Amino acid sequence: MNNIFPIYKPQGPTSFALMAKIKKLTGEQKVGHAGTLDPLAEGILVVGLGREATKQLSQIVKKEKEYLADIKLGLTSSTDDGEGQKVKSLKVHKVHKVEVENVLKKFTGIIKQAPPAYSAIKVSGQRAYKLARAGQVIELKSRPVEIKNIKILKYQYPNLKIKVVTGPGVYIRSLAKDIGQDLGVGGYLTGLKRIRVGQFTAGDVVNLNDLAKRYLNQQIKILKNGGVGVMPTDTLYGLVGLAENKKTIERIYKIKKRKPDKPFIILISSLFDLKKFGVKIDLPTKKILQKYWPGQISIVLSVNKKLKYLHRGTNSLAFRLPNNQWLLTLLKKTGPLVAPSANPEGRQPALTIKQAKRYFSNTVDFYLGQGKLESEPSTLIKIEDDKIIVLRSGVVKIN
């Protein structure tokens, strides 16, 4: 999957909030965007995933952009958009279309434009909008920008709709304000939609739900090819790999610095998976399994002695059938996974992907995050003479 792509930002959330959402969906900690859209704006927002992609965003920012802008004449706004306090112009008069056309010509080409006070530009290390909200009077210096084309799409005073093609650094809020000012009646931006950034248009937009699926499919492919990753389980972040791949298992022992005689817990998607490990289930055992599964309980069962690379001489393994639909869907596609907690032996389990990266850096093939996971480990039990023995207390309490 290309790691630079456009998403569609709806009205409401900040661009920053969408980046946080994408981090959670993909597990990528290095996520950025090219050109902020205000909360009231919508449209194309180009995103970069990963260190290399985010480095390239500085070039995307310089690309040509295209907007649809709605301007209301006859009023000004303290923020130059619909969020601010409105003030009616003292010189309100009906403005004819030909007057608007003549004024728009002045704003085509290289012009001097002052960014709005409520912008993300830094002033003495502080964002201008934060200073403005604190009551400070912010006057940002004008700078040269290029507006390549302005076209009137609809006009009926006081409402003006235009299409604008710009170079980098243009603020449409400032343009709306300046147009109203030149017409002598004031104006502010009531709506903004970005419809193009460089070559990216609405037809290229990646849906966030599709992004999560596509990203997950990448991880599934890596796992099937013997890779190792860190991802959420039904309890904590796990260091996962295919249970039926000997090389993968040995690699996880090495990454985790695990004692070689301690076997891993295995996640399965159904009781049928147990047959792959030579587990024989009598009726009393089956009833116990059906009572506690799916759930956050790992159960030790006798397995095929030939699977020494897994059971490490114990002739038994702990299995868990998680009660997590996302994880079950993954397991059905990959097959059983070993999933010890994501930490080196003797360290605290990683609660976040950031912490896991501090532990493992580039020794694993992928990281997939779902925010902070603060669960206890699974409860570990074994069945002996049809009775349950708790080997490790955990998230599920058993008497």
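First residue of the sequence shown? That's 1 in full-length UniProt numbering, and the numbers climb one at a time after it.
C-beta atoms are modelled at their ideal positions from N, C-alpha and C, and glycine is treated no differently.
Bear in mind that the values here come from a model prediction, so they are computed numbers and not experimental data.
Buried versus exposed call for residue i [16 or more other C-beta atoms within 10 Å across all chains shown]
{"i": "Gln126", "result": "exposed"}
{"i": "Asp81", "result": "buried"}
{"i": "residue 408", "result": "Residue 408 falls outside the range modelled here, since the chain spans only 1 to 399, and no answer is possible."}
{"i": "Val98", "result": "exposed"}
{"i": "Phe200", "result": "buried"}
{"i": "Ser174", "result": "buried"}
{"i": "Asp334", "result": "For the record, residue 334 in the displayed sequence is Thr; it is not Asp. The residue in question, Thr334, is buried, as its Cβ has 16 or more Cβ neighbours within 10 Å."}
{"i": "Leu373", "result": "buried"}
{"i": "Glu250", "result": "exposed"}
{"i": "Lys177", "result": "buried"}
{"i": "Leu283", "result": "exposed"}
{"i": "Leu391", "result": "exposed"}
{"i": "Ile4", "result": "buried"}
{"i": "Glu101", "result": "exposed"}
{"i": "Ala350", "result": "buried"}
{"i": "Leu25", "result": "buried"}
{"i": "Gly371", "result": "exposed"}
{"i": "Gln348", "result": "exposed"}
{"i": "Arg358", "result": "exposed"}
{"i": "Ser393", "result": "exposed"}
{"i": "Gln296", "result": "buried"}
Residues near residue i by beta carbon distance below 6 Å, same chain, minus five either side
{"i": "Phe366", "result": "Gln219, Ile222, Gly229"}
{"i": "Lys88", "result": "Leu75"}
{"i": "residue 413", "result": "Since the displayed the chain opens at 1 and closes at 399, residue 413 lies outside it and no answer follows."}
{"i": "Lys86", "result": "Leu75, Ser77"}
{"i": "Lys305", "result": "Asn315"}
Nearest residue (CA-CA) to residue i, options the options
{"i": "Gly84", "options": "Tyr188, Arg194, Thr233", "result": "Tyr188"}
{"i": "Tyr237", "options": "Ile353, Gly74, Thr76", "result": "Ile353"}
{"i": "Gly227", "options": "Glu345, Ile389, Val364", "result": "Val364"}
{"i": "Gln156", "options": "Lys141, Leu73, Leu104", "result": "Leu73"}
{"i": "Phe16", "options": "Phe272, Leu211, Gly35", "result": "Gly35"}
{"i": "Ile172", "options": "Asn159, Lys397, His96, Pro116", "result": "Pro116"}
{"i": "Val396", "options": "Asp385, Leu211, Ser378", "result": "Ser378"}
{"i": "Gly50", "options": "Arg347, Glu345, Ile22, Tyr67", "result": "Ile22"}
{"i": "Leu192", "options": "Ala350, Ile44, Gln355, Glu345", "result": "Ile44"}
{"i": "Pro260", "options": "Gly295, Ile71, Lys151, Thr314", "result": "Thr314"}
{"i": "Val185", "options": "Val103, Lys224, Thr235, Leu153", "result": "Val103"}
{"i": "Ile288", "options": "Thr166, Ile7, Val145, Ile388", "result": "Ile388"}
{"i": "Ser270", "options": "Pro13, Gln56, Arg258, Thr329", "result": "Thr329"}
{"i": "Lys94", "options": "Pro158, Arg143, Ala356", "result": "Pro158"}
{"i": "Phe272", "options": "Phe264, Lys257, Lys286, Asp182", "result": "Lys286"}
{"i": "Thr79", "options": "Lys291, Lys130, Val61, Lys332", "result": "Lys130"}
{"i": "Ala114", "options": "Lys141, Val92, Ile121, Lys122", "result": "Lys141"}
{"i": "Lys257", "options": "Gly346, Leu208, Gly203, Gly369", "result": "Gly346"}
DSSP three-state assignment for residue i, whether helix, strand or coil
{"i": "His96", "result": "coil"}
{"i": "Gly241", "result": "strand"}
{"i": "Gly191", "result": "strand"}
{"i": "Asp182", "result": "helix"}
{"i": "Pro260", "result": "coil"}
{"i": "Ala176", "result": "helix"}
{"i": "Arg347", "result": "coil"}
{"i": "Lys308", "result": "helix"}
{"i": "Glu376", "result": "coil"}
{"i": "Glu64", "result": "coil"}
{"i": "Phe272", "result": "helix"}
{"i": "Phe200", "result": "strand"}
{"i": "residue 405", "result": "Here the chain has residues from 1 to 399 only, and residue 405 is not among them."}
{"i": "Tyr155", "result": "strand"}
{"i": "Pro144", "result": "strand"}
{"i": "Asp70", "result": "strand"}
{"i": "Val87", "result": "strand"}
{"i": "Glu42", "result": "strand"}
{"i": "Glu384", "result": "strand"}
{"i": "Ile398", "result": "coil"}
{"i": "Thr166", "result": "strand"}
Beta carbon of residue i nearer than 8 Å to that of residue j
{"i": "Leu242", "j": "Ala318", "result": "no"}
{"i": "Phe360", "j": "Ile255", "result": "yes"}
{"i": "Gly169", "j": "Lys63", "result": "no"}
{"i": "Lys65", "j": "Leu37", "result": "no"}
{"i": "Lys382", "j": "Tyr309", "result": "no"}
{"i": "Thr233", "j": "Leu327", "result": "yes"}
{"i": "Leu18", "j": "Ile195", "result": "no"}
{"i": "Glu139", "j": "Gly109", "result": "no"}
{"i": "Thr190", "j": "Asp70", "result": "yes"}
{"i": "Pro344", "j": "Asn323", "result": "no"}
{"i": "Arg143", "j": "Lys112", "result": "yes"}
Other residues of its chain near residue i: CB distance less than 8 Å, five sequence neighbours each side excluded
{"i": "Leu274", "result": "Ile268, Ile281, Leu301, Phe319"}
{"i": "Thr54", "result": "Lys30, Val31, Gly32, Gly48"}
{"i": "Leu307", "result": "Phe277, Gly278, Leu317"}
{"i": "Gln11", "result": "Pro39, Leu40, Ala41, Glu42"}
{"i": "Ile266", "result": "Ala243, Phe277, Leu310, Leu317, Ala318, Phe319, Arg320, Pro336, Leu337, Val338, Ala339"}
{"i": "Ile152", "result": "Lys97, Val100, Glu101, Leu104, Leu160, Lys161, Ile162"}
Same chain only: Cβ atoms within 7 Å of residue i, ignoring 5 sequence neighbours per side
{"i": "Gln56", "result": "Ile4, Gly48"}
Residue i Cβ short of 7 Å to the ligand GDP heavy atom set
{"i": "Lys247", "result": "With respect to small molecules bound, the structure shown includes none, and the ligand GDP cannot be examined in it."}
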